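Undergrad: My questions will all concern the structure given below.
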Amino acid sequence: MVDGLDLAVPAGVVCGFVGPNGAGKTTTIRMLLGLVRPTSGSGTVLAEPLQAPHRFLPRVGAMIEDGMTVFVSSHLLTELEQVADHLVMIRSGSLVFQGTVAELIARRPPTIALRPSRRHDTERVAAMVGATGLATASNDDGEVLVSLPPSMSRDESFSRAAELNRAAHDLDIALARVDVSRPTLEDAFLELTSGRSGDVR
Numbered sequence: 001m002v003d004g005l006d007l008a009v010p011a012g013v014v015c016g017f018v019g020p021n022g023a024g025k026t027t028t029i030r031m032l033l034g035l036v037r038p039t040s041g042s043g044t045v046l047a048e049p050l051q052a053p054h055r056f057l058p059r060v061g062a063m064i065e066d067g068m069t070v071f072v073s074s075h076l077l078t079e080l081e082q083v084a085d086h087l088v089m090i091r092s093g094s095l096v097f098q099g100t101v102a103e104l105i106a107r108r109p110p111t112i113a114l115r116p117s118r119r120h121d122t123e124r125v126a127a128m129v130g131a132t133g134l135a136t137a138s139n140d141d142g143e144v145l146v147s148l149p150p151s152m153s154r155d156e157s158f159s160r161a162a163e164l165n166r167a168a169h170d171l172d173i174a175l176a177r178v179d180v181s182r183p184t185l186e187d188a189f190l191e192l193t194s195g196r197s198g199d200v201r
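Sequential numbering from 1 applies to the sequence shown in my numbering.
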């Protein structure tokens with residue numbers, strides 16, 4: 001039931017409409033779509049009266065029943081990473097990947113970058129990490145890049161970084177940088193598309 005609801009939604013916004021079960025959300029949306037008629041009151045959608053839904057419905061999209069599939073085409077990967085559960089990725093008309101966002105991101109392992117204060121300690125840091133069974137590589141900046149298991153969670157990654165920092169301290173190695181980097185959807189996309197960003201931004 002909806003009782004004297006008075007609301008105004010500005011044009012061009014994403015408006016969240018929330019409330020507990022039975023609050024009247026679905027009934028309100030049904031009225032706005034002309035699916036049920038209010039017993040009293042008035043309203044407009046896109047400056048057209050509720051009593052004439054045929055005037056505004058061609059310009060309105062709605063999903064009012066919380067098991068529908070939404071198929072979104074977008075090049076804004078940072079936004080898709082926040083809202084998408086499943087991904088289908090194509091390149092040159094062919095399928096590159098389909099599955100969950102987590103599955104795609106897991107193709108690139110999280111890493112820890114360790115940079116010793118003294119550049120000549122780089123090899124010692126690499127040996128220290130290697131003794132733990134983790135794979136390492138060094139870059140031109142004197143950093144040791146540690147590859148973590150793809151399944152490792154964010155919290156586990158930070159815990160491992162702290163452990164490596166303590167281990168370096170125990171060896172009298174001062175680390176100027178300890179940085180945990182987890183892959184993003186865009187990282188995975190660029191890897192699968194050979195670094196071609198296309199319209200991605």
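Using N, Cα and C, we set each Cβ at its ideal position, and we do this for glycine too.
Here the structure is a predicted model, which is why all the values come from computation and not from measurement.
Of the choices S147, L175, I64, whose alpha-carbon is the least far from that of T28?
TA: Checked all of S147, L175, I64; the closest Cα to T28 is I64.
Undergrad: Taking the DSSP output, what are the residues bridged to I112?
TA: DSSP lists V146, V180 as partners of I112.
Undergrad: Measure from the alpha carbon of G22 to the alpha carbon of each residue in P38, D3, V83, then state which is nearest.
TA: Here the closest residue by C-alpha is D3.
Undergrad: Applying the 10 Å Cβ sphere with the 16-neighbour rule, what's the burial state of D121?
TA: Flag for D121 reads buried.
Undergrad: In whole angstroms, give me the CA-to-CA distance for S246 and A62.
TA: Since the first residue of the chain shown is 1 and the last is 201, residue 246 is not available in this structure.
Undergrad: Examine chain D for any beta-carbon lying closer than 9 Å to the beta-carbon of G24, and answer yes or no.
TA: Note that chain D does not occur in the displayed structure, where there is just one protein chain.
Undergrad: Find out if the Cβ-Cβ distance for the pair L114, A168 is shorter than 9 Å.
TA: Yes, they are a contact pair.
Undergrad: Is the number of C-beta pairs between the stretch 178 to 193 and the stretch 98 to 105 that are closer than 8 Å three or more?
TA: Touching, yes, given that three or more Cβ pairs across the two stretches are closer than 8 Å.
Undergrad: The beta strand (DSSP E) spanning F158 covers which residue range?
TA: No beta strand (DSSP E) holds F158; the alpha helix (DSSP H) holding it covers 154 to 170.
Undergrad: With a cut-off of 8 Å on the beta carbons, I'd call R160 and I112 a contact; round off their distance for me.
TA: Contact flag correct, Cβ pair sits at about 7 Å.
Undergrad: If you scan the stretch 90 to 141 from start to end, which runs of the beta strand (DSSP E) of 3 or more residues do you find wholly inside it?
TA: Here the runs fully enclosed are 94 to 100, 111 to 116, 135 to 138.
Undergrad: Between which two residues does the alpha helix (DSSP H) carrying Q82 extend?
TA: Counting along the chain, the alpha helix (DSSP H) containing Q82 begins and ends at 77 to 83.
Undergrad: How long is the line joining the alpha carbons of R119 and A162, rounded to whole angstroms?
TA: Looking at the two C-alpha atoms, the distance is approximately 20 Å.
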